[in-house]
Amino acid sequence: MPRFFFHVYDRARTPDQVGTEFPNLETMQIEAVHFTGEMLREQGYGSSPISPLAIEVTDEDGVTVLRVEVGLTWPSKVQTHVPPPFGKFLQ
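Numbering (full-length UniProt numbering), first residue to last: 1 to 91.
In structure tokens form, the structure reads like this:
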């Protein structure tokens with residue numbers, strides 16, 4: 001099975017030195033999106049504007065095969081009217 005590496009870019013680069021085997025590209029892509037969501041939940045994103053978060057997936061040869069990027073900004077007019085779940089962080 002091919003091995004893919006999920007490198008995290010969140011203010012600094014955190015390389016994946018071990019990698020994970022996936023049976024195909026589709027499974028790897030689904031996991032990359034899930035992994036990005038987990039990172040957002042764990043780090044409490046949503047409470048304030050954030051630096052972009054990116055997950056760069058490379059193959060065993062170091063070739064980038066996928067990049068998932070997430071950024072969040074709150075326009076100043078909207079900050080006091082953000083509905084839950086994010087609004088609870090802005091009070």
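In this text, a Cβ means the ideal position worked out from N, Cα and C, and glycines have one as well.
Given the structure is predicted, the values throughout are model-derived calculations rather than measurements.
- Closest by C-alpha distance to Gly71, when choosing among Ile55, Gln17 and Met1: In the sequence shown, the residue the question calls residue 71 occupies position 71. With distances taken between Cα atoms, Gly71 lies closest to Ile55.
- Message: Taking only three categories from DSSP, how would you classify Val57?
- Response: To locate residue 57, count along the sequence shown from 1; it is residue 57. DSSP places Val57 in strand when its eight states are reduced to three.
- Item | Cβ-based neighbour list, Tyr9, same chain, cut-off 6 Å, excluding 5 preceding and 5 following | Locating residue 9 in the sequence shown gives position 9, counting from the first residue. For Tyr9, where only same-chain residues beyond five positions count, the Cβ hits under 6 Å are Ala54.
- Query: Starting from Val63 and walking both ways along the beta strand (DSSP E), at which residues does that stretch end?
  - Reply: Numbered from 1 along the sequence shown, position 63 holds the residue referred to as residue 63. Per DSSP, Val63 belongs to no beta strand (DSSP E) and is neither H nor E.
- For the putative contact between Thr20 and Arg3, defined by C-beta atoms under 8 Å, what is the C-beta separation to the nearest angstrom? One-based indexing of the sequence shown puts residue 20 at position 20. One-based indexing of the sequence shown puts residue 3 at position 3. Rounded, the Cβ-Cβ distance is 7 Å, consistent with contact.
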